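What follows is a single structure, written as structure tokens, with notes after it.
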Amino acid sequence: MAQVEATTQRVIVGRPEDVFDALADYDGTRGKILSERFSEYEVREGGDGEGTLVHWKLQATSKRIRDCLLEVSEPTDGELVEKDRNSSMVTTWTVTPAGEGKARVVVSSVWNGAGGIGGFFEKTFAPKGLVRIYDEVLGKLAAEVEK
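In our numbering, the protein residues as written are 17 to 163.
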């Protein structure tokens with residue numbers, strides 16, 4: 017099994033603290049910025065950053081749906097880590113200053129991929145698909161924060 021990684025980023029007009037707060041707001045903002053690829057969104061515990069437990073289904077492809085149950089932590093300032101209880105996937109959202117009144121948001125997911133030929137295809141194509149999904153989420157985050 018090889019580790020698979022998908023990473024993308026976007027600069028958003030807004031104070032880094034405000035952008036981070038919007039990302040960490042699982043009770044409000046987060047549900048609004050998810051694309052149609054996400055369904056059955058439900059906050060099960062918490063709702064604001066550290067200690068949140070959130071569920072969703074992610075339709076990665078027309079045939080591949082991931083049932084995600086994510087534990088959220090904040091290991092450092094400006095960083096949200098979502099660990100999936102149902103798989104090896106870990107997604108890290110990092111918000112840093114990007115100049116006056118701007119924030120850089122980097123989102124990166126890593127997981128243990130399949131072995132064999134299936135693993136080859138997963139490592140080749142899954143990151144591109146996930147990056148497209150995250151780019152859409154980041155676009156919606158920007159629209160929400162820049163209102």
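Note that CB positions come from ideal geometry on N, CA and C, so glycine has one too.
Everything numeric in this text was worked out from a predicted model, so none of it was measured.
Check                                                                                                                            : Outcome
The alpha helix (DSSP H) enclosing residue 38, as first and last residue numbers                                                 : 32-40
Beta-carbon contacts of residue 66 that lie in its chain and below 7 Å, excluding the five residues immediately before and after : 88, 89, 90
Uninterrupted beta strand (DSSP E) stretches inside the segment 83-122 (no shorter than 3 residues)                              : 95-100, 106-113
Touch test, the segment 42-56 against the segment 116-123, Cβ-Cβ under 8 Å, three pairs minimum                                  : no
For residue 45, the first and last residue of its enclosing alpha helix (DSSP H)                                                 : 45-49
CB contact flag (residue 107, residue 125, <9 Å)                                                                                 : yes
Beta-carbon proximity check, residue 123 vs residue 112, cutoff 9 Å                                                              : no
Contact belief for residue 40 with residue 146 at Cβ below 8 Å, rounded distance in angstroms                                    : So it is not a contact: roughly 21 Å between Cβ atoms.
Assigned secondary structure, residue 156 (DSSP; H/G/I helix, E/B strand, else coil)                                             : helix
Three-state secondary structure assigned by DSSP to residue 26                                                                   : strand
Own chain partners of residue 35 with C-beta closer than 8 Å, once the 5 adjacent residues on each side are dropped              : 28, 111, 119, 121, 157, 161
Candidates 97, 92, 80, 93: closest to residue 86 by CA position                                                                  : 97
C-beta atoms of residue 100 and residue 80 nearer than 9 Å                                                                       : no
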